[in-house]
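Residue numbers (the numbering used here): 67 to 144.
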């Protein structure tokens with residue numbers, strides 16, 4: 067999916083611009099982004115809790131690593 071002409075490294079600024087174009091208030095957009103980042107950061111723990119041993123630890127590490135890279139681009143800015 068392409069967001070503000072970017073497909074691989076989507077930043078918080080780009081997501082907020084997209085929200086603005088969709089007429090989503092900035093404070094709402096920030097809360098949604100932060101909430102999703104908070105949950106995504108715990109993906110491995112949630113997956114392991116819901117389905118113990120259904121996903122290998124190597125796979126969980128790989129997926130969580132990719133998620134963490136994307137969350138770093140979206141995380142709160144001062």
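Every residue, glycine too, gets a C-beta built ideally from N, C-alpha and C. Owing to the predicted nature of the structure, the values given are computational and were not obtained by experimental measurement.
Counting only residues of its own chain and dropping the five nearest sequence neighbours on each side, residue 95 has a CB closer than 8 Å to the CB of 81, 82, 85, 86. For residue 140, the enclosing alpha helix (DSSP H) covers residues 123-140. Between residue 76 and residue 109, the C-beta gap is not smaller than 7 Å, which leaves the two residues out of contact. Around the beta-carbon of residue 140, 16 or more other beta-carbon atoms lie within 10 Å, marking it buried.
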